[in-house]
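Only one structure is covered here, and it is reproduced in the block below.
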Amino acid sequence: TTSWRDDERRYLAPEILHLDTPYGKECDIWSIGVITFMLLSGYPPFYDENVGQLYSKIKCGQYAFEPAYYWSHVSHDAKHLISCMLQVHPSDRYYDMCS
Numbered sequence: 002t003t004s005w006r007d008d009e010r011r012y013l014a015p016e017i018l019h020l021d022t023p024y025g026k027e028c029d030i031w032s033i034g035v036i037t038f039m040l041l042s043g044y045p046p047f048y049d050e051n052v053g054q055l056y057s058k059i060k061c062g063q064y065a066f067e068p069a070y071y072w073s074h075v076s077h078d079a080k081h082l083i084s085c086m087l088q089v090h091p092s093d094r095y096y097d098m099c100s
């Protein structure tokens, strides 16, 4: 069993939380999406004091670009990029930016 520190949990891609699911480089894209969200807003896209609820939000991709005043300076393109990186299904994520 892997043990995650509290601050590491928020970067985990949904497929990592499904124990029997293989995962690859798409996990890194998810983590970059989380980091980008945090850099632009100042807070994580997925947060809950309860670890089970946090994992549920991650597995469902439950996040929002709110409150609006944190996002008023962020372009539509930047939010779109984050949305493309935080797709629940790995095959739907941006992972080859050159194609």
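Take 2 as the starting number for the sequence shown in this note's numbering and just add one per residue. We treat Cβ as the ideally placed atom computed from N, Cα and C, and that holds for glycine.
Residue i - DSSP class collapsed to helix/strand/coil
i: R10; result: helix
i: Y71; result: helix
i: S76; result: coil
i: P23; result: coil
i: L18; result: helix
i: H90; result: coil
Where residue i falls, given that 16 or more other Cβ within 10 Å makes a residue buried
i: E27; result: buried
i: L40; result: exposed
i: I52; result: In the sequence under discussion, the amino acid at residue 52 is Val, which differs from the Ile named in the question. Classification for V52: exposed.
i: G43; result: exposed
i: L20; result: exposed
i: Y48; result: exposed
i: Y12; result: buried
Whole-Å CB distance - residue i paired with residue j, under 8 Å assumed
i: P91; j: I59; result: The pair is not a contact, with the Cβ atoms about 13 Å apart (cut-off 8 Å).
For the region 30-69, which segments carrying the alpha helix (DSSP H) assignment without a break, of at least 4 residues, lie completely within its bounds, in sequence order? 52-61
Tell me whether the region 15-29 and the region 63-77 touch, counting them as touching only if at least three CB pairs, one residue from each stretch, are closer than 8 Å. no
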